[in-house]
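Those letters in the sequence shown? Residues 163 to 763, per this note's numbering, in order. Here the structure is laid out as structure tokens; the discussion comes afterwards.
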Amino acid sequence: MGTEFINGTDFYRLFVSGADLVIKNKEKLNRINVFPVADGDTGSNLEATLKSAIEFAVVDKSFSQTTLSMAEAIISGARGNSGIIFAQYIMGLAEESGERESLHVNDFININILSSKKLYKAVSRPVEGTILTVIRAWSEYLENNREEFETFEDMFEQSMEAAYCALRNTTSQLEILRKHNLVDSGGSGFVYFLEGIKNSLHIKKSGDTQGLENENLKSQMENIISDFPKTLDDHSNTGKYRYCCECLITGSGSGAEEISTALDKYGDSIICIEHAGVFHIHVHSNTPGDVFEVMSGFGAIKRPKIDDMMVGKRFEDKKQTIALVTDSIADIPDELVEKHDIYIIPLNIQSGESTYIDRIGISRQKIYKDMNKKEFYPSTSMPNDIQVMEKLELLSHHYESIIAISVSSRLSGVYDTFHRAASKLEEKGVRIKIIDSRLNSAAQGLMVLKTAQLIEEGKDFDTVVDMARSIAEKTEIYVALNTLKNVSRSGRVSKKIASAGAAIGLKAVISLDSEGSGTVPFVSLSRKSLLEKIYTMVRTKMKEDEISEYAISYSGDYKKAAGFVENIEQITGKPPVYICEISSVTALHVGEGAVAVSVIG
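See below:
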């Protein structure tokens, strides 16, 4: 006896079986991932996508209720090109299933073909030779041969060759795949999914106790995926866009086509899927800040994600065995971050109903504009434990050890978040150390830069950790605030005191004590006297021969900081290591017009 009908519980069980085989082969999928870019993450993205449906779906006997729950879960957790397309496929099944409690084989074939057609509407510029092609070809085979299938076992057994054939054909359909004699990674993931379901049905029907040891269940994928790139760089296909941007949009009155059109000028690989009023957006772009600002006009941005698709190239080109990580509060120019192989884990910014990613996902101009709105004041939030864990775990696969330097634990919870992830990695044998810098802004950035240089010099892990801590103890920052309004609204200084000071135009120099807590060593009604105080502090340290290097940071218009830069250079007799605009997170606390000098003794 075979299976003629499946209900919600049956479908969930089959889905899990398919997903398990995809996840078991995720590294193979990562290794053959060369389209649309060779960033080696298709398998990982499919794993995250499928797990979201497995872990968060509410399983019911009703087919429609179960698939609806899975659709709601998968739209939130979908990741990457293939992951979002897979999510759309599941959502299509849910939307086309109506109110059915169970599905006959023919019913499934009907909703399957309708779902596959929806995929092409979700993708801005569909490309053949991808997961889209494989799903469509398999679905068309089912539709054209439905008379041959009495049971689901029949359907999956007899249709697998059509899926294999469609996957093999991707090699000739895409130039990049033909060039390297590879099949599409996303399409391979879908075929593994089908194989997993087929195997599960076979075992149930036959009572096969040997399971996958049976010759009937051995994967043909081993022959199809027979070649792997030696390195990601050998098969690089980065295209003209660097960042993979994703987010959810809620509360939008627009349609998917309108949103996709708005994104068209900012990148490619645009996918926009919608379910129950929630849109999942995917786009490759060089200007993530512009992407998210445009998206904010369509509704509230939730769960933003930005992946650097050049990270694989960085791994290939790395010259050190120690990975250096910090958070986005460390103000250091992007060119130095890349030059010295520094990895940054960004904080988040909550502005109104939308969430943005610090540094790269929101422009300073927008953050200054939002800071002046009366209805709300932007706030910050930590990167969550999962995000930090994923980043550090990825680095652990490419480096022998990891050093992570956090903003002062007295100012933020980043240190604790880093530490929790590190503890889990240490249990897996990863050598990792988290250092509380007890600094912030460019002072933290200077310390990170000096640590990177120690790593480049070939210092061993323990020496780098010890010397980094020593550098932190000799590093200070002096910040001239143009107003106390922002530190009042952000909560860094007593609201009562700061509000009173802001009301009378009081300005202040702020710094950090030896424990990393904020201090206010000087206040004044005059910006001129404020700057003179900082100049005096710098002169004193110069006389004591306690400034080896320094950096300058500012908020807002650089022209207003130019005089400060010139005066500090005259006092020290040398140029700064770097000059940079502060991060959006720091801008929330200091406001526009702030200038700062960070020094290493």
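Glycine included, C-beta positions come from ideal geometry on N, C-alpha and C.
G413, buried or exposed, once every other Cβ within 10 Å from all chains shown has been counted against 16: exposed
Could you confirm whether any beta carbon from chain B is found closer than 7 Å to the beta carbon of E677? No chain B appears in the structure shown, which is made up of a single protein chain.
Run through the DSSP bridge pairs and tell me what C407 is partnered with. V445 and I468
Residue from A749, P738, E694 and E309 whose Cα sits closest to the Cα of I716: Checking the displayed sequence, the identity of residue 716 turns out to be Tyr instead of Ile. It is A749.
Out of R298, I365, L573 and K721, which has the shortest C-alpha to C-alpha gap to F779? One cannot answer for residue 779 here, as it falls past the ends of the chain, which runs 163 to 763.
Check whether the region 580–588 and the region 613–625 are in contact - that is, three or more C-beta pairs closer than 8 Å. no
So, T488 versus I567, is the Cβ gap smaller than 7 Å? yes
Whose C-alpha, out of T333, K590 and E337, is nearest the C-alpha of L344? T333
Can you tell me which of V759, I696 and I386 puts its alpha carbon nearest to the alpha carbon of I714? V759
Using DSSP's beta-bridge definition, name the partner residues of E436. F441
Quick check on the DSSP output: the alpha helix (DSSP H) that includes Y174 runs from which residue to which? G170 to K186
Would you tell me roughly how many angstroms separate the C-alpha atoms of F177 and I359, rounded to the nearest one? 7 Å
Hey, out of T734, S688 and L692, whose CA is closest to E708's CA? T734
Where do the ends of the alpha helix (DSSP H) carrying Q512 lie? No alpha helix (DSSP H) contains Q512, which is instead part of the beta strand (DSSP E) from N510 to S513.
Distance check for V757 and E743, CA to CA, integer angstroms please. 9 Å
According to DSSP, is S603 part of a helix, a strand, or is it coil? helix
L363 to C406, Cα distance in whole Å? 37 Å
In the DSSP assignment, what residue or residues form a beta bridge with A642? V671 and V757
Where does F684 fall in DSSP's three states? strand
Grab me the residues of G260's own chain with a C-beta within less than 8 Å of its C-beta, minus the 5 sequence neighbours each way, in chain order. S226
Would DSSP call R572 helix, strand or coil? coil
Identity of the residues DSSP links to C742 by a beta bridge: S715
Smallest Cα separation from I432: which of Y518, M551 and S286? S286
S563 versus I506 - alpha carbon distance: 16 Å
Three or more C-beta pairs closer than 8 Å, one from the region 459–475 and one from the region 508–521: is that the case here? yes
In this structure, how does DSSP classify G429 when only helix, strand and coil are distinguished? strand
To the nearest angstrom, report how far apart D316 and A324 are at their CA atoms. 13 Å
How many angstroms separate the CA atom of G607 from the CA atom of V353? 47 Å
Report yes if the CB atom of T114 is closer than 7 Å to the CB atom of L601, and no otherwise. Not covered by the structure: residue 114. The range shown for the chain is 163 to 763.
In the region 226–273, which residue ranges form an unbroken alpha helix (DSSP H) of at least 4 residues, counting only runs that do not cross its ends? 242–258
With a threshold of 6 Å on Cβ separation, who are the neighbours of K223 within its own chain once the five nearest residues in sequence on each side are excluded? N169, G170 and T171
Just to confirm my understanding: we take H397, look at its own chain, exclude 5 residues before and 5 after, and list those with CB closer than 7 Å. What are they? In this predicted model, H397 has a pLDDT of only 40, less than 50, meaning its place in the structure is not dependable; the value taken from the coordinates is given anyway. The residues are V196, A200, H342 and P391.
In whole angstroms, what is the alpha-carbon distance linking R476 and K427? 27 Å
Sorted by chain position, which residues of the same chain lie with C-beta nearer than 7 Å to C434's C-beta, five sequence neighbours on each side aside? A284, A418, I421, S422, F441 and I443
For E166 and D182, the rounded distance between their alpha carbons: 23 Å
Give the straight-line distance between the Cα atoms of N769 and N192, rounded to the nearest whole angstrom. Summary: the structure shown does not reach residue 769, with the chain confined to residues 163 through 763, and so no result is reported for it.
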